Amino acid sequence: EQTAYALGLAASQASGIRRNFGSMTKAFHAGHAAESGSVAADLVALGFTAANDVLETPLGFYQAAGGGFDPSRIVNRLGRPWMFASPGDLIKRFPCGTIQQPVMDAT
């Protein structure tokens with residue numbers, strides 16, 4: 002059981018998979034992301050270097066996480082409403098998941 006938990010936690014750290022939603026690991030995602038950003042800033046301040054095109058390069062993050070980077074998808078939308086501006090966004094009334102919202106409304 003501990004090995005399975007360790008594999009689940011390691012897989013989430015590597016990719017942020019949604020399979021761990023509902024477990025303790027979901028909350029770990031936000032903390033781990035914040036820690037990674039803080040460590041990265043500290044390392045850069047100490048002179049650590051990395052590729053400066055890690056997001057958009059064919060071997061970078063956008064390719065690994067979403068199938069690539071197409072600047073025209075952004076540039077062609079400049080001057081038009083953002084996706085969340087039309088039809089608009091909704092504000093959560095309660096700090097819980099969608100499935101619990103009706104229960105909170107009933108109380």
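Each residue of the sequence shown is one higher than the one before, counting from 2 in our numbering. Ideal Cβ positions, reconstructed from N, Cα and C, are used throughout, including at glycine. Predicted model, so just to flag it, every value in this text is computed and none were measured.
On the three-state DSSP scale, how would you describe residue i?
i, result
"D71", "coil"
"T4", "helix"
"N77", "coil"
"A86", "coil"
"L91", "coil"
For the alpha helix (DSSP H) containing residue i, name the first residue and the last one.
i, result
"E36", "25-46"
"P103", "102-107"
Contact check, residue i vs residue j under 8 angstroms by CB: the rounded distance?
i, j, result
"V55", "F62", "6 angstroms"
"A11", "I18", "Rounded, the Cβ-Cβ distance is 11 angstroms, inconsistent with contact."
"G9", "N21", "6 angstroms"
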